[in-house]
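Letter by letter, the sequence shown follows residues 12 to 292 of our numbering.
Glycine is no exception: its CB is placed at the ideal position from the N, C-alpha and C atoms.
What follows is a single structure, written as structure tokens, with notes after it.
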Amino acid sequence: MHNSFKVLLPSLAFLAPLAWAGTARADLGACGNIHVEANAECEVLVGAECEVACEPVAFEAQCAADLYVGCEGQCQANIDVGCSGSCEADCNVQCEANPGEFDCHASCFAEGRASCQGRCSDSECFASCEASLEAECSASCEVVAPSVDCSGQCQASCQGSCQAEANVDCQIDCQASGYVDCEARLEGGCRAECDVDGALFCDSQYIDHGGNLQECIDSLRALLNIEVHGEASGSCGNGRCEGEASGSVSCTVDPEGRELPFGALAVFMLGLGGLLRRRRE
């Protein structure tokens with residue numbers, strides 16, 4: 012299903028470097044620190060379709076990521092030695108089989124996810140468990156360079172998954188009472204975005220990018236190879252472009268102040284990969 016949208020486009024001179032620079036953050040901080048699967052389908056929605064998507068279940072992953080921070084101070088259990096030992100042994104076997112392809116964060120998250128699946132019977136519990144895992148894996152793995160040997164990579168990976176395992180029950184209990192207020196807050200922000208640049212969703216989960224939509228898009232592209240795709244239709248005239256969905260957007264102009272035809276604008280937008288449905292390349 013294709014989604015229509017409206018955006019306010021900055022100048023051509025400003026946007027072009029962003030499209031090809033290839034720079035990105037070392038994490039998904041610009042995307043609310045939410046866990047996003049490498050094969051996630053992400054999209055920007057606007058208008059009525061967007062408002063329908065702004066429902067409580069869509070905010071669970073983002074709320075869990077937000078609530079994790081508030082609960083972190085009281086959830087600081089010690090790692091079980093048995094967890095680290097067995098984890099590192101299994102991890103080293105996996106890494107040494109193909110050291111060039113080993114991914115510290117992916118290994119860490121996979122190690123802990125099975126525990127989340129066995130521990131939780133409802134979606135909020137699962138979101139809290141995954142948020143804890145995402146935070147601990149990111150913290151442990153972001154300081155380890157890919158060039159580090161398997162022993163170092165696995166030590167970091169298992170540090171993350173075992174720390175998450177140690178803290179997860181505390182995090183789940185602590186976060187439980189915060190979902191109602193958090194979801195109400197995010198719903199307001201989500202609906203407001205529906206009427207402006209659009210709201211971003213990955214696998215139907217709302218991403219609270221804090222006004223950093225392009226930076227979030229760039230981070231998803233660089234870290235997870237997720238691109239943005241979609242379609243736009245309409246026409247430009249008198250300095251305005253009327254879009255298919257709702258409202259209007261400002262036309263892009265060339266350096267001499269001439270309006271770009273809408274066809275050229277559409278090609279430009281597709282080239283940038285901005286505000287479009289995402290797929291993994």
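Under a Cβ-count criterion, where at least 16 other Cβ atoms within 10 Å of its own Cβ denotes burial, should Gly43 be classed as buried or exposed?
Buried.
Would you mind listing the alpha helix (DSSP H) stretches within the region 179 to 209 that are 4+ residues and don't spill past its ends, in chain order?
Correct list: 190 to 205.
Just confirm the distance between the C-beta atoms of Leu197 and Cys74, as a whole number of angstroms; I'd bet it's less than 8 angstroms.
Yes, they are in contact, since the Cβ atoms of Leu197 and Cys74 sit about 7 angstroms apart, within 8 angstroms.
Please work out which residues of its chain come closer than 7 angstroms, Cβ to Cβ, to Cys165, disregarding the five sequence neighbours upstream and downstream, and give them in chain order.
Same-chain partners within the cutoff: Glu99, Cys102, Asn103 and Cys106.
Where do the N-terminal and C-terminal ends of the alpha helix (DSSP H) with Leu56 fall, by residue?
Taken as a continuous stretch (DSSP letters only), Leu56 belongs to no alpha helix (DSSP H), being part of the beta strand (DSSP E) at Cys53 to Leu56.
So within the region 74 to 132, which uninterrupted alpha helix (DSSP H) runs reach at least 4 residues, ignoring any that extend past its ends?
92 to 108 and 115 to 130, all fully within the region 74 to 132.
Determine contact between the region 55 to 63 and the region 195 to 209, defined as no fewer than three beta-carbon pairs at a distance below 8 angstroms.
Contact between the region 55 to 63 and the region 195 to 209 is present, because at least three Cβ pairs lie under 8 angstroms.
Alpha carbon to alpha carbon, what distance is there between Asn109 and Asp160?
Their Cα atoms are separated by approximately 11 angstroms.
Pick helix, strand or coil for Val18, following the three-state DSSP scheme.
At Val18 the pLDDT is 35, less than 50, meaning the model places this residue with poor confidence; the figure from the coordinates comes in the next sentence. Here Val18 sits in coil by DSSP.
So what does DSSP say about Ile228, is it helix, strand or coil?
Note: Ile228 maps to helix in three-state DSSP.
Whole-angstrom Cβ separation of Ala51 and Cys213, contact assumed at under 8 angstroms?
That pair is a contact at about 5 angstroms.
On the criterion of 16 or more Cβ atoms from any shown chain inside 10 Å, does Cys252 qualify as buried, or is it exposed?
Residue placement at Cys252 is poorly supported in this model, since its pLDDT is 35, which falls under 50; the coordinates are not used for a value here.
Since Leu211 sits in a beta bridge, which residues does DSSP pair it with?
Note: Leu211 sits in a beta bridge opposite Val55.
Nearest CA to the CA of Ala72: which residue from Val80, Ser134 and Glu83?
Nearest option by C-alpha distance: Ser134.
Determine, using beta-carbon pairs with one atom in the region 80 to 93 and one in the region 223 to 237, whether at least three such pairs fall under 8 angstroms.
The region 80 to 93, when compared against the region 223 to 237, does not touch it at the 8 angstroms Cβ threshold.
Quick check on this structure: which residue in Glu176, Tyr190, Ala187 and Cys169 has the alpha carbon closest to the alpha carbon of Ala128?
As written in the sequence, residue 128 is Gln, which differs from the Ala given in the question. For Gln128, the nearest C-alpha among the options comes from Glu176.
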